[in-house]
Every structure is written in structure tokens, then in C-alpha cells.
Amino acid sequence: MEKLLFGSSLFKYVLFLVAANCYGCFGPAAQKRAVLWKCFIGIFNCNASDSRIMGASQSISENSIHEFTVKDTRGKDVNLNAYRGKVLLVINVASKCGFADANYNQLTQLYTTYKSRGLEILAFPCNQFLKKEPGTSQEAQEFACTRYKAEYPIFGKIRVNGSNTAPVFKFLKAQKSGFMGSRRIKWNFTKFLIDQEGRVIHRYSPTTKPLAIQNDIKKALRLA
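Read in order, the letters of the sequence shown are residues -20 to -1, 1 to 204 in mature numbering (1 follows the signal peptide of the UniProt record, and there is no 0).
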């Protein structure tokens, strides 16, 4: 029976829609429950395609995020080796997500406080979760920079799950799994904290707000 229920795409989809609708209609407590439902459903959403990706992640030879190249919002290559020696906070973002306001505001606060001390925030727009980042990469950048005064880099849109997962996120997920050992990104604003050598030291759920990880950032920067 358990296999029948949790193996059913329809069952998962219905639960997902209920969670998503609850998020938009009710208060903070209901919103948090809705996100937890989403995370719960994600654990069981390991289809054949995702299994192949997880296998590929395990075979990634890179030992540091600095070995990857990504695209900026105009499609130009950015070598992440440029951030060697910095503590990095890497996040998949989405402009229309219910978590956007709190996260973007607090990311701006973190960056203002710790940029001069060695923190860099790398934001990657993603449209995989209920299509909450429907515009172009440049539109996602403009949204963050105009509304939230984001001064940290916003990169080109990527995928964080499935057969077309961006290599840098394959690496991040292989380095640190999430809830109950699941590597799959559950929702927008999943966060990875990276040390100066490019190694993942922490992974945080979408419900963890940026200011809540301030002590970990200070430790990584050797300020605490």
C-alpha cells in the first residue's frame, strides 16, 4: 500500500497542489506546513531520471566549487575560481516565490555586513518549482537589484534537479545531502555555505532564513 501511494505521481501532484495553494492563502503557520509537505513529497520523487543524476553526481571528480564555470545573465562564462579565498553562500532563487521577500531582504543585510570581510553570495535563478521564475535571466537580475538592492552576482537561469541539472548543483548536492539524506533540491532558496577552499560545509532548507545562518557564516569567516 505504501509503495502504491507514494509511487503514484497523481497522489504526489495532488498533495503538492494542496501545499502550494495553502501557501498562498493562509498565515505563516499554514505556510510553513505547506512547505514541509512539499519537502516531504520531494523525498519520494526520485524517478529514474533523477536516479541517473544522483549516480552522475557521485562520480563528479571536482573537489571544489572553484573548478566550475557558470554563465552570467548574458550567457558569458564566469570561472568560479575567481571566488577562491572567499566564503560563498550559493542559492537557487525565484522572484515570484512566497519566500522571495524575506530571503532577498536578509541576503542584502548579510552582504552589506560581511562583504568586506570575505563573503560572496552567488544567486542562481531557477524556474523548476511551480514556475516561480518565469522571466529571463536578466529580468531575474533586474528584479533582485531594483527591488532589493542586490549587489551580489545573479547568474543565468539553471535547473537544479533532473537530467539537465547544472554541473555546479550536481556538485553541491553530492557534497551535502538534505532532509533524510535526499540530495534533491526541494524548493526555491535552498542554500549552500562554502568555505574558502571551495568545499561545502553546510546545506540549509528553503525555510531557513539567511539571518538564521549568520553564526555559521561568521565561523567560516573566522570571525567567531
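Quick reminder that beta carbons are idealized off the backbone N, C-alpha and C, glycines included.
Every value quoted in this text rests on a predicted model; they were computed, and no experiment measured them.
Exercise. Taking all protein chains shown into account, do 16 or more other C-beta atoms lie within 10 angstroms of the C-beta of residue 216, making it buried, or fewer, making it exposed?
Worked result: Limits of the chain in this structure are -20 at one end and 204 at the other, which puts residue 216 out of reach.
Problem set entry | Gln118 versus Val73 - alpha carbon distance | 13 angstroms
Problem set entry | Glu47 versus Arg164, Leu60, Thr53, Tyr132, residue with shortest Cα-Cα distance | Leu60
Exercise. Buried or exposed: where does Gly158 fall if 16 or more other Cβ atoms within 10 Å of its Cβ makes it buried?
Worked result: buried
Exercise. Under the rule that 16 or more other beta-carbon atoms within 10 Å means buried, what is Arg163, buried or exposed?
Worked result: That one is buried.
Exercise. Quick one: what does DSSP say Cys106 is sitting in, helix, strand or coil?
Worked result: In this structure, DSSP gives Cys106 an extended state, which the three-state scheme calls strand.
For this session: Answer yes if the segment 193 to 200 comes into contact with the segment 142 to 155, meaning at least three C-beta pairs across the two stretches below 8 angstroms, and no otherwise.
Result: no
For this session: With DSSP as the reference, label Glu119 as helix, strand or coil.
Result: helix
Problem set entry | Among Val70, Thr188, Gly65, the one whose alpha carbon lies nearest that of Val50 | Val70
Exercise. From the DSSP output, which residues share a beta bridge with Glu100?
Worked result: Leu68
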